[in-house]
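Counting the sequence shown from 1 gives a position; the numbering used here is that position plus 724. Note that CB positions come from ideal geometry on N, CA and C, so glycine has one too.
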Amino acid sequence: MSFHTRMRDARWGLTCSTSIYSQAVFQPQAIGLVFINLLSATGLLTGVVGAIGFTGLGALALGVGYAAIAAGAYFLSRALMPGQSKPATPQPSDVQSNIRQEISPRRRIYYRTLTGSVIIFGFRRGEKSYLLHYVCEGPIEGFVSFRLDKKPVTLDANGYVQEAQYQVGGRSRVRILIKTGTMADGPFNELIAAFPELDTPMTPFRHRGCAMALQIVEQVPAQQLQDVYPNNMPTLQFVLDGWRDVYDSRTGTYGYGGNAGNCLLTEIMDVYGLTHESTEDINFGSFAAFADHCDEDVALKAGGTEKRYRCAGVIYLDSENEKRIASIATICNADVYFDTEGRIAVRPKMRSVPAIALRAKNGDHLSLDMEGGRALQKLFNTAKVTYVEPALNYKANEVTWRDPDLMEEDGKEYSEPVSALLCPSATQAQRIGKLAVYEANPDFAGQLTSGPQALDLMEDYVFTLDLNPEDAFERVACASGTIEYDQQSMAVSSPFVIFREGANDWNATIDEQDQVIVPPELASNVDDVALNVTATVELQENSAPVLKFAWTAAGGADLPDSYSQQVQVSAADADDWHDATVNQDQNTALYAAVADGGAYDWQIRNIASGKTFDWQESIVPVTVVVDPTPPQALVAFSASDGTGQFTANFGTTNDEHLATVAIYRVPTGGVLDEGTHQVGRYAVAPGISYALQILSTAGNFDIYARPFNRSNKPGPLSGPDGATVS
């Protein structure tokens, strides 16, 4: 007895689709007809009919047809299934995790997601470190946002990070530059400028066709390192809109999108090296219909709708071909198969529309065995689906879908995990969970033997099983395992299952059982505290001035003991900040050295529980005045005539605030302008009489004198007294 066997995976679940790896469907009847025509053309038809009869001729022709199918399917599978075994080791053109490390797999990202990167180059030159990140294959639609150490950051037009944490000395110390991965992209100019030796054809990493990022991190003073880079080199992450070349067979265009059917088609085309012109290899019409199915609006329990099936996330291109395709097919109930013309096609896997009917009244059932379909050795009434939730910072999340009828029947929960990491929606994940529960719990399972008309099951495994008139039973069934054809008896046999009705129905009120709970942002009660700051000038033992700062909480509030402060000082308007020395026990700080008469800006901020708050800045500069008290008036001031000089005579009181005396010379009768008419500033001591001889041009002059303290605070003006210089 000769059997022509077509194998299907006996386990019918979301993790095992009727894929192009297990199905090759042609028309054996058409091949048999060609065989008969060949006999007729060669004159052999009459002899053959005479020998074996018309019935025998039909069986022989059908057998030839199935033999041709078996050979054709084998060679086609070898041509189309390089992914049955793991691909060869990646070539050096693939992405490297580091110039000196082994190659890292390339990857494609669909739709919007949060992702990290692979650092393919990292080196420090001067005060800057340059890190080149491979993100994914390009082109992508674009980068949406950026994160450093998992915290969102904003960039200016030149890529500089704007958050205060990374601002030191009035400028940002971190810069992020990006490329979306077009083939026109060249290397980053900033990288080549820093490393001109890399500007060669032998550069050990590639740029074109890859979404890339260049992270430039500048060094900061050691005392600020912990504040600016608390985790050393900040980790870079991206929220991005992924692959821009998703093919939509409905419009014949490429673009950005998350329709799961279109993503599935795009991945299949990439796996097998096909294009939009491969009409003999792909049934684009089936993919267009499936894309429409994925775009159907599904009601949400909270109101509104969402599309039935979306795809978002990362696919690693070194994965086996079947795994790449199945990862998308899993999240959209897709069955990828070969149609009657040998083209790759797609249809919903769990569906209630049969292709053929096998009816008892037509004699289609040669034998039938059927029993309850639930496997008692492994009960399964609850699906726990793992997916990625954008509302939870793109973290993996789990939702549960339970079948209430099965739960009541079993008396307890029996759960199975379902992985759907390319699913971006909790409700879509629950729809996937419902399909998984229905597939694992058919109403009936059995074995059917029918005539050659059942060979159509090789084209579409969904059929109507009608037991009338013996039993009032008519249900939609699915061939679920090996389909065998006995050439001699022309009998077709296959196991089958009958799923419970309603797998694709979705009543949001009932079926949407899990709601995503976004945790509230809980207040840590570690809040900023406004500070009242007093700035004064003090003298050190060597009489050098220093700025002293003291602070309390504003508005009578308490300043917690766990809070510490950082104080910085800069010359007014210079934006060149330097740390003051903080005494945390006394809530004070000292800053030196400062110049008497100089003006300075200051800023202070709180640090608590690992959180650094914003700077509180001075409104007006602090001017350093060591001695605010002006000196007393001079004693017995007078001026004397002389040749080529005049003499200024005066005495000083015993005044500790006296430091210098300025002498002014004004033409007789003129108006004193101290800035113009000053002829000298002389250091003096208290309690002493002076006769200062001062060189001068000839003329008649009014002489004035004024004492000053060390901070240039003026005392009373003395004079005028006349002097003639000959």
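Terminal residues of the beta strand (DSSP E) in which R1126 lies
K1119 to R1126
Under the assumption that V1077 contacts V1186 (Cβ atoms under 8 Å), give the Cβ distance between them as a whole number of angstroms.
7 Å
Who are the near neighbours of A803 in its chain, counting only those whose CB is closer than 8 Å to its CB and skipping five residues on each side?
At A803, the pLDDT of 37 sits below 50, so the modelled position is not reliable and the matter cannot be decided from this model.
Determine the direct distance from the alpha carbon of T1347 to that of T1312, and round the result to whole angstroms.
19 Å
Got a sec? Which residues, its chain only, sit under 7 Å from N1378 by beta carbon, not counting five neighbours each side?
P1410 and G1411
Could you have a look at Y1162 and say whether DSSP puts it in helix, strand or coil?
helix
If the criterion is Cβ atoms closer than 8 Å, does the pair N1433 and P1355 meet it?
yes
Uninterrupted alpha helix (DSSP H) stretches inside the region 1258-1307 (no shorter than 4 residues)
none
Do G976 and A1036 have their C-beta atoms closer together than 8 Å?
no
Is it a yes or a no for the region 1032-1048 touching the region 1063-1072, going by three-plus beta-carbon pairs under 8 Å?
no
With a Cβ-Cβ cutoff of 8 Å, do G1443 and A1422 count as a contact?
no
Alpha carbon to alpha carbon, how far is G1226 from A1079?
18 Å
Going by C-alpha distance, which of V842, N1424, M957 and T1003 is nearest E861?
V842
At the 8 Å Cβ level, is G1321 part of the contact set with chain D, yes or no?
Chain labels in this structure do not include chain D; a single protein chain is all it has.
Compare the Cα-Cα distances from L988 to each of V1395, S1051, G997 and T1376 and report the closest residue.
S1051
Classify M1074 as helix, strand or coil using the three-state DSSP reduction.
coil
Can the beta-carbon of R1034 be found closer than 8 Å to that of P1219?
no
Residues near G893 in its chain [Cβ-Cβ closer than 7 Å; skip 5 each side]
D1300 and W1301
Between the C-alpha atoms of N1373 and A1259, what's the straight-line distance to the nearest angstrom?
41 Å
Would you identify the three-state DSSP class for T1367, choosing helix, strand or coil?
coil
How would you call A1026, buried or exposed, if buried means at least 16 neighbouring beta carbons within 10 angstroms?
exposed
By Cβ distance below 8 Å, which residues in the same chain neighbour R1075 in space, the five residues on each side in sequence not counted?
V1186 and N1228
Would you mind sorting S1204 into buried or exposed? The rule is 16 or more other CB atoms within 10 Å of its CB.
buried
Are the region 1101-1113 and the region 1126-1135 in contact at 8 Å, needing three or more beta carbon pairs?
yes
Within this structure, are the beta carbons of D1235 and K1158 separated by less than 8 Å?
yes
Taking three-plus beta-carbon pairs below 8 Å as touching, is the region 848-867 in contact with the region 905-923?
yes
Select from S1364, E1262, L1283 and Q1340 the residue whose C-alpha is nearest the C-alpha of A1316.
E1262
Give a yes or no on whether the C-beta atoms belonging to I1055 and A984 are separated by under 8 Å.
yes
Buried or exposed by the 16-neighbour rule on C-beta atoms within 10 Å, applied to V898:
buried
Reference L1189; option with closest CA among S1091, E1140 and T837:
S1091
Meets three-Cβ-pair contact criterion under 8 Å: the region 1121-1128 and the region 1004-1017
no
Rounded C-alpha distance that separates Y1162 from Y884:
53 Å
For F1062, the residue or residues it bridges with in DSSP
I1068
Kindly indicate which three-state DSSP category I1222 falls into: helix, strand or coil?
strand
Considering only residues of the same chain and omitting the five flanking positions on each side of G1393, which have a CB-CB separation below 8 Å?
D1426
Cβ pair Q886, T878 closer than 8 Å:
yes
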